[in-house]
Amino acid sequence: MNVEFLVHGTLSDGQSSWKETDADYCLRFYTPTTTNEMMICEVEKREDGGISSYYNYLRYNNLTALSGRSGSYFGITVRVDGAICCDVVNMYHLLDTIFTKCIVGSILDVKNNAYFYTCNSFKAKDSVLKDIEKKFFGMFSAIFISSDDFLLISSYSRKNGLLNLNLDDVTKGQSGEILLAGNRLCVSPLFPAKQFQNVQSQILAIQNEAAQKIKSSQEDCAKQIQAKTQEMEQANTAASSSKAQLKQEIDLLRGQLQAKNKELEDIRAEFKKQKLNTEINQTAKELKESMMKLNGLMADRFCEVDALNTENGYSRCKKNDGNTQSSFLSSYWKPISAIAVVLAFAVGAWFALSVIKSQDKQITDLKVQIEKIQKQSEDQSKGVESNPERAIETKINDPIAPSYDFKKLKIDILEKSSTDAGLKINHTYTFRILGGEYPKDGKWTINDTILTENRYKVVDVVGTELLIRYLTTDGRVVSCRNIKVVK
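Read in order, the letters of the sequence shown are residues 3 to 489 in the numbering used here.
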């Protein structure tokens, strides 16, 4: 049984072989592969008609020629004429030992797990390679001594099949059957082992099952979300309709209230212009009649008489003329006139007050009715927010409810100077919201701890990050600010 030891690879000038034997055959390994190290086993018919089995130990991807040319490869080929070496695993280990113990350090140098050729020609290392070849045959003879290590080749039919196996998965019987059948066998410790492939298959099956469950859950969730969305849309539609109706009622009542207010103002103005004057005129008329009666009584009492005048003789004059008459008018007529005027104003004021009270009662009734509708609107709004599924059965919020723009708001710290890098330890600070309107019934927190007021005394360790937040009653963040504790 003849055995040949061949060395080949990519040098500075390209692909090269140490011997002329099978140089054309070795050219097929010039093209690199993605696997860094492997051994390709196959049976080939030689040009002289003989049949041989080849075992090609190859290194790719991390080799460089002496000239600096990258992408080189290195190969050791063992040719066995007329027989197949069934112990492929020991053949691989033999050639791997030759490479690591003999080739590296003479033909190749290694640095940072990368290999570099030390020559531009295998002929320049001829003596070295011959010595390596001698060591190879010595080890070959010592390893392959069993009768089942080789099978004679009686016939040959190439099928071009290729099987990649991890070294741990190769047996003598399996490798012999593959090569005798005319197929190629590629072995490497870098190929996935069957046990690993089985685990991968199990993992893949579990992943597929989990993916299917996740997909099913996602579809169920999507259906539920769609159903809930439709319910929300229906609730919003019903709420919008009810909201519009309540707004219309509120607008109508507000219009009625404005009309009543206007009517009250008109009544008050008319009272000032006419009603009061009418009452005063009526009272004056009644007083006029009394005055006419009084004048008649006074005429009877103070009628004209003849009187002796020492200077002019007799002349006509009134009874009780002079001081007596003046005294009577002063003591009797003036009090009566004052009492009559006071009575007239009192009667007019009583009438105006009764009219005003009647109008105020109507306005009060309208305000109570508006407050009831607004309370119903607020109760419905709270029901929609707490339970959207019952939004159709509840009232909606007042359309004039306030809205806030939280983006414009910021937290200001009153006692902090603009030159301070943070909040000083053992100092007390007051917080406030600037930038616009915001809900006043919120709460302040420091690192999720709720404060009883908008003040905080710093007792934290220097360097602690403090997160100051102002939250609404339902937990929404109105504004927040990060700041460190400093000395």
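Beta carbons are placed, not taken as given, at the ideal position from N, Cα and C, and that holds for glycine.
Cβ of residue i within 8 angstroms of Cβ of residue j?
i, j, result
"Asn122", "Ser14", "yes"
"Tyr440", "Leu411", "yes"
"Ile42", "Asn64", "no"
"Gly52", "Asp83", "yes"
"Val487", "Gly438", "no"
"Ser74", "Gly11", "yes"
"Ala116", "Thr66", "yes"
"Leu154", "Ala212", "no"
"Cys87", "Lys137", "no"
"Ile365", "Ile252", "no"
"Leu473", "Lys445", "yes"
"Asp111", "Phe101", "no"
"Phe1", "Ile485", "The requested residue 1 is not part of the displayed model; the chain covers only 3 to 489."
"Ala195", "Asp222", "no"
"Ser156", "Gly184", "no"
"Thr475", "Asp443", "yes"
"Thr36", "Ser190", "no"
"Thr285", "Leu345", "yes"
"Thr503", "Ile134", "Absent from the structure is residue 503, since the part of the chain shown begins at 3 and ends at 489."
"Leu254", "Lys369", "no"
"Arg48", "Ser54", "yes"
"Asp151", "Asp89", "yes"
"Phe142", "Leu96", "yes"
"Gly77", "Cys28", "yes"
For the beta strand (DSSP E) containing residue i, list its first residue and its last residue.
i, result
"Ser54", "53–66"
"Ser190", "186–190"
"Ile109", "Unbroken run through Ile109: none, as it is neither H nor E."
"Glu179", "First-last for Glu179: 174–182, but that is the alpha helix (DSSP H), not the beta strand (DSSP E)."
"Asp83", "72–83"
"Asn168", "164–168"
"Glu39", "39–47"
"Phe118", "116–119"
Need the endpoints of the alpha helix (DSSP H) that residue i sits in, please.
i, result
"Asp414", "That residue, Asp414, is in no alpha helix (DSSP H); its beta strand (DSSP E) goes 412–415."
"Ile147", "Ile147 -> no alpha helix (DSSP H), and no H or E assigned at all."
"Ala126", "Taken as a continuous stretch (DSSP letters only), Ala126 belongs to no alpha helix (DSSP H), as it is neither H nor E."
"Asn92", "90–100"
"Cys28", "25–28"
Bridge partners for residue i per DSSP, in chain order?
i, result
"Glu221", "Beta-bridge pairing links Glu221 to no other residue."
"Phe193", "Answer by DSSP bridge pairing: none, since Phe193 is not bridged."
"Gly11", "Ser18, Phe76"
"Arg483", "Ile470"
"Leu154", "Ala85"
"Val5", "Val82"
"Val488", "Lys426"
Thinking residue i and residue j are a contact (beta carbons under 8 angstroms), I'd like their distance in whole angstroms, please.
i, j, result
"Val5", "Val80", "7 angstroms"
"Leu167", "Phe193", "6 angstroms"
"Ile435", "Ile413", "7 angstroms"
"Val463", "His429", "Incorrect: roughly 15 angstroms between the Cβ atoms, too far for contact."
"Leu60", "Phe31", "6 angstroms"
"Leu181", "Val45", "5 angstroms"
"Cys188", "Met40", "6 angstroms"
"Leu248", "Ile375", "6 angstroms"
CB of residue i to nearest heavy atom of the ligand ATP: below 7 angstroms?
i, result
"Arg471", "Looking at this structure, you won't find the ligand ATP or any other ligand, since it has none at all."
Any beta-carbon of chain D closer than 8 angstroms to the one on residue i?
i, result
"Lys369", "Note that chain D does not occur in the displayed structure, where there is just one protein chain."
- If you scan the region 411–479 from start to end, which runs of the beta strand (DSSP E) of 3 or more residues do you find wholly inside it? 412–415, 430–436, 445–448, 457–459, 467–473
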